[in-house]
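Notes for the one structure printed next.
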Amino acid sequence: MPTDIIRYDLLVQEALRSVVRKVLADAAQHGLPGDHYFYITFRTHAPGVRLSTAMREQYPDVMTIILQHQFWDLSVTEHNFEVGLSFRNVPERLLVPFDAVTEFYDPSVQFGLKFEVEEPAPEDGANDLEPTDRSDGP
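Using this note's numbering, read the sequence shown as starting at 1 and increasing by one per residue.
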């Protein structure tokens, strides 16, 4: 089988992420249109994801949020979105890079996207523990 040097799979993923980016940017600027609302699933351990320690402990791998009635301060950049949500009456602020998003779904029109996620391979020695005894001095 020939090697895909162009990497069409990655180009398609990026194009689909731009759909999510555009929809969220429009919602940030104008509010949710009509009866639309969004389920967004993302990897909580992905690089760049910001959420509270309590949320990270409760959702160590993936988390699904719903942007419908109670969210605030949605802002969107080229690389991520940030939003305020309430979890059991506790306000939280989340920052989610688009690369961390694994699913997007708008139930009002039965539209959904799933994203292939390539986990970066750990670097050699990346998980090695540093010695904690530094009694030798610098």
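C-beta: ideal position from N, C-alpha, C; glycine also.
As the structure is a computational prediction, the values presented were derived from the model and not from experiment.
Assigned secondary structure, residue i (DSSP; H/G/I helix, E/B strand, else coil)
i: arginine 7; result: coil
i: phenylalanine 98; result: helix
i: glutamate 78; result: coil
i: isoleucine 65; result: strand
i: leucine 113; result: strand
i: valine 20; result: helix
i: threonine 44; result: coil
i: arginine 146; result: Outside the displayed span of the chain (1 to 138) sits residue 146, for which this structure offers no information.
i: aspartate 106; result: strand
i: aspartate 73; result: strand
Distance, residue j Cα to residue i Cα
i: glutamine 29; j: aspartate 4; result: 38 Å
i: glutamine 110; j: valine 19; result: 15 Å
i: leucine 51; j: alanine 100; result: 13 Å
i: aspartate 106; j: valine 62; result: 18 Å
i: asparagine 80; j: tyrosine 59; result: 19 Å
i: threonine 102; j: glycine 112; result: 11 Å
Cβ-based burial, residue i [other Cβ within 10 Å; buried from 16]
i: asparagine 89; result: exposed
i: leucine 85; result: buried
i: arginine 21; result: buried
i: isoleucine 65; result: buried
i: valine 23; result: buried
i: isoleucine 40; result: buried
Same chain only: Cβ atoms within 6 Å of residue i, ignoring 5 sequence neighbours per side
i: histidine 45; result: none
i: glycine 48; result: Pro97
Neighbourhood of residue i by C-beta, 8 Å cutoff - its chain only, sequence neighbours within 5 removed
i: aspartate 26; result: Pro33
i: glutamine 68; result: Leu32, Tyr37, Phe38
i: methionine 55; result: Thr44, Met63, Phe87, Glu92, Leu94
i: aspartate 9; result: Glu116
i: serine 75; result: Ala28, Phe81, Glu82, Val83
Residues near residue i by beta carbon distance below 7 Å, same chain, minus five either side
i: valine 53; result: Looking at the sequence itself, residue 53 is threonine, so the reference to valine does not match. So the list is empty, once near-sequence residues are dropped.
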